[in-house]
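For reference, the structure is listed below as structure tokens.
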Amino acid sequence: MNTEHNTQPGRVALVTGASRGIGAAVARRLAADGYAIGVNYASNAAEAEAVVAAIGQAGGRALAVRADVAAPRDVRRMFDLVEAELGRIDVLVNNAGVLPYVSIAATSDEVFARTFAINVQGTFNTMRESATRLNDAGRIINFSTSVLHAAPPTYGVYVGTKAAVEAMTRVFAKELRGRGITCNAVAPGPVATELFLNGKSAQQIEQFARMAPLERLGQPQDIAGVVAFLAGPDGGWVNGQVLRANGGAV
Ligand code: NAP
Numbered sequence: 000m001n002t003e004h005n006t007q008p009g010r011v012a013l014v015t016g017a018s019r020g021i022g023a024a025v026a027r028r029l030a031a032d033g034y035a036i037g038v039n040y041a042s043n044a045a046e047a048e049a050v051v052a053a054i055g056q057a058g059g060r061a062l063a064v065r066a067d068v069a070a071p072r073d074v075r076r077m078f079d080l081v082e083a084e085l086g087r088i089d090v091l092v093n094n095a096g097v098l099p100y101v102s103i104a105a106t107s108d109e110v111f112a113r114t115f116a117i118n119v120q121g122t123f124n125t126m127r128e129s130a131t132r133l134n135d136a137g138r139i140i141n142f143s144t145s146v147l148h149a150a151p152p153t154y155g156v157y158v159g160t161k162a163a164v165e166a167m168t169r170v171f172a173k174e175l176r177g178r179g180i181t182c183n184a185v186a187p188g189p190v191a192t193e194l195f196l197n198g199k200s201a202q203q204i205e206q207f208a209r210m211a212p213l214e215r216l217g218q219p220q221d222i223a224g225v226v227a228f229l230a231g232p233d234g235g236w237v238n239g240q241v242l243r244a245n246g247g248a249v
């Protein structure tokens with residue numbers, strides 16, 4: 000195992016949407032920090048198993064768990080399975096999300112409902128479950144976006160979901176009083192994953208990359224490091240906050 004960051008042996012993290020993109024990098028980073036990992040995915044079993052295999056090859060422990068975070072029954076089963084196989088849950092990373100690029104005028108009822116179901120109800124479902132099932136001194140890390148305040152065209156439904164996630168994050172941090180559990184959100188800027196890159200021209204991608212004074216796109220590992228900070232002992236005094244990680248773009 001990569002012991003460079005190995006600070007949390009014996010603890011267990013459940014990462015939603017960990018088959019690809021930022022979630023896969025978070026799963027691998029937290030595994031390198033010593034956590035056993037529940038690698039949640041919706042449909043890409045092969046990619047989730049590849050993340051589990053990579054963690055295993057590095058000397059860590061992980062389990063792939065299929066669950067649609069929008070479905071409360073799936074979420075309960077996911078917690079049951081992770082508890083049964085890995086013994087406990089200390090950290091919940093609510094990373095699963097979707098981003099439809101569409102103007103409000105052109106958004107179908109189905110796209111609106113599905114985006115809120117995954118991004119908002121998905122985060123709600125796992126937070127509700129974690130209220131009774133996360134260990135004391137646990138950590139919850141939700142996912143917002145730095146684009147929330149820029150609010151550009153075609154991001155209406157998406158930023159609507161992330162505004163709801165930020166609001167619930169602040170309330171839940173207070174409702175967890177007495178348990179020693181923190182609840183925060185990370186709000187990345189553009190990160191080079193399928194969610195961001197799909198449908199964009201090379202020129203558009205270059206424009207996004209130039210937005211930050213650091214003059215590049217974020218990489219999944221950049222965000223994984225922020226999640227690892229919030230999940231670990233050094234992040235313990237940060238609670239009820241939204242941490243923007245975007246190279247200075249906003
Ligand atoms: P991504 O590469 O598209 O990966 C999305 C992940 O979410 C996949 O593992 C996918 O599983 C999973 N997923 C989708 N629907 C799900 C559902 N109903 N139940 C369970 N899992 C589901 O996305 P990403 O770029 O890594 O984004 C991760 C998070 O960061 C999202 O919340 C996104 O809003 C946020 N974010 C991203 C950026 C960016 O520029 N990339 C910027 C700001 C915020 P399958 O593989 O099984 O489909």
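Residue numbers 0 to 249, in numbering that gives the first Met the number 0, belong to the letters of the sequence shown in order. Beta carbons: idealized from backbone N, C-alpha and C, even for Gly.
Residue i CB to nearest heavy atom of ligand 1 below 7 Å
i, result
"Ser129", "no"
"Asn183", "no"
"Pro151", "no"
"Thr15", "yes"
"Tyr252", "The question about residue 252 has no answer here: the residues shown for the chain are numbered 0 through 249."
"Gly224", "no"
"Asn124", "no"
"Gly239", "no"
"Ser18", "yes"
"Thr114", "no"
"Asp67", "yes"
Residue i - partner residues in DSSP beta bridges
i, result
"Gly37", "Leu13, Leu62"
"Gly217", "Val190"
Nearest candidate by alpha-carbon position, reference residue i, set the options
i, options, result
"Ala61", "Ala70, Val51, Asp67, Ala69", "Val51"
"Met167", "Gly155, Ile140, His148, Ala248", "Ile140"
"Val74", "Ala49, Val14, Leu98", "Val14"
"Gln218", "Ala23, Gln7, Asn183", "Ala23"
"Phe207", "Val226, Gly247, Lys173", "Gly247"
"Ala332", "Arg169, Val11, Ala105", "Absent from the structure is residue 332, since the part of the chain shown begins at 0 and ends at 249."
"Ile117", "Asp32, Ser18, Asp108, Ala95", "Ala95"
"His148", "Ala53, Pro187, Ala45", "Pro187"
"Arg243", "Leu80, Asn183, Asp233", "Asn183"
"Ala17", "Tyr157, Gly33, Arg138, Ser42", "Ser42"
"Asn197", "Gly20, Pro8, Arg127", "Gly20"
"Gly235", "Gly55, Gly33, Phe78, Arg178", "Arg178"
Helix, strand or coil at residue i [DSSP, three-state]
i, result
"Ile139", "strand"
"Thr160", "helix"
"Arg92", "Here residue 92 turns out to be Val, not Arg, going by the sequence shown. DSSP places Val92 in strand when its eight states are reduced to three."
"Gly181", "Position check: residue 181 holds Thr in this sequence, whereas Gly was assumed. Thr181: strand per DSSP, three-state reduction."
"Val241", "strand"
"Pro187", "strand"
"Ser18", "coil"
"Gln120", "helix"
"Gly231", "coil"
"Val101", "coil"
"Pro152", "coil"
"Thr144", "coil"
Cβ-heavy atom distance, residue i to ligand 3, below 7 Å
i, result
"Leu175", "The model on display carries ligand 1 but not ligand 3."
At a cut of 8 Å, does the stretch 226-240 reach the stretch 165-179 through at least three beta carbon pairs? yes
When you compare the stretch 81-100 with the stretch 53-70, are there three or more beta-carbon pairs, one atom per stretch, that lie closer than 8 Å? yes
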